[in-house]
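For reference, the structure is listed below as structure tokens.
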Amino acid sequence: MSAYITAQLTREIRELGHRTDQVESKLDEVVVQVNAHDASIARLSAQHDDLLERLEDYENRSRRNNIRIRGLSEDVKDLHTDIPALLATLVPEMPKTRLELDRVHRALGPRRDSGIPRDIVLRFHYYASKETVMAAVRGVVDLTYNSHPYQIFSDLAGATIQRRRALALLHNFFDNTKFCTVGGSHLSLPLATITNSMLLSHQKKGCPFFGRYGSLGTRSLLAVRV
């Protein structure tokens, strides 16, 4: 009787060991597959981020001749007359032929119930003319046209605007910090130079202090020398 029980237990233990080997083998296969999937996901994520950055770049290139006028009342309706007149007040020395506009219109969407006027988007025929206008208003605080205050901005992609807002927050946060460290090495570059160059990358590792700012559009690691 005892021999039978021993044989039975031996057989069950052998079967259990065989099943354990099968499970471990399957688990090894699963681990290999998961690692492969992780690598594929990382590669696709990098490609996705690269495509988004390229798309943003193409969008900005398509808008490089554009500017936005913000704050000009909706009562200003004859844009094809009023906007060239407004531009002429900013750069009176520029010939009217150089202020040629390919198009000018209000930003898309219905008129706002809040009373806040929609932006005016205009495209210069000549890029140099756009740059001259932007240089003329740079640093000017009070811009008015027929008693209507307004502001002028470059027409940028939404993702770029988000990046700039995030960078402005970073500049404010690190206002009293002169230098930055990346990858554990001290760099003799001002933080403003590094952030403005947009060279901060998710590939930078080993920083003692870092933050992930998703609103930048890319995962950026920052380390501060304090």
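Under my numbering, think of the first position of the sequence shown as 729, with each following residue one higher. For glycine and all other residues, C-beta sits at the position ideal for the given N, C-alpha and C. As the structure is a prediction and not an experimental result, all values here were calculated from the model.
DSSP state of residue i mapped onto helix, strand, coil
i: Pro812; result: helix
i: Arg831; result: strand
i: His965; result: This structure gives no information on residue 965, because the portion of the chain shown stretches from 729 to 954.
i: Ile844; result: coil
i: Asn788; result: helix
i: Asn793; result: coil
i: Arg798; result: strand
i: Gly837; result: coil
i: Lys754; result: helix
i: Met729; result: coil
i: Glu821; result: coil
i: Phe902; result: coil
Pairwise C-alpha distance: residue j and residue i
i: Gln736; j: Arg771; result: 52 Å
i: Ala885; j: Asn794; result: 11 Å
i: Ser857; j: Ala894; result: 30 Å
i: Ser768; j: Gln879; result: 47 Å
i: Gly867; j: Asp841; result: 31 Å
i: Ser882; j: Met862; result: 8 Å
i: Ile811; j: Pro838; result: 20 Å
i: Phe852; j: Leu897; result: 31 Å
i: Arg831; j: Leu850; result: 6 Å
i: Arg791; j: Lys824; result: 22 Å
i: Arg834; j: Arg846; result: 6 Å
i: Met729; j: Thr738; result: 14 Å
i: Leu836; j: Asp766; result: 42 Å
i: Glu781; j: Leu829; result: 29 Å
i: Pro877; j: Asp785; result: 31 Å
Exposed unless 16 or more other CB atoms sit within 10 angstroms - verdict on residue i
i: Asn763; result: exposed
i: Ile797; result: buried
i: Val869; result: exposed
i: Phe901; result: exposed
i: Val760; result: exposed
i: Tyr855; result: exposed
i: Asp903; result: exposed
i: Leu958; result: For residue 958 there is no data in the structure shown, the boundaries of the chain being 729 and 954.
i: Ile848; result: buried
i: Tyr732; result: exposed
i: Val751; result: exposed
i: Asn891; result: At residue 891 the sequence reads Arg, which differs from the Asn that was named. Burial call: buried.
Bridge-paired residues (DSSP) for residue i
i: Pro877; result: Thr872
i: Ser882; result: Ile795
Between the stretch 773-790 and the stretch 804-819, can you find at least three pairs of beta-carbon atoms closer than 8 Å? These segments do not touch.
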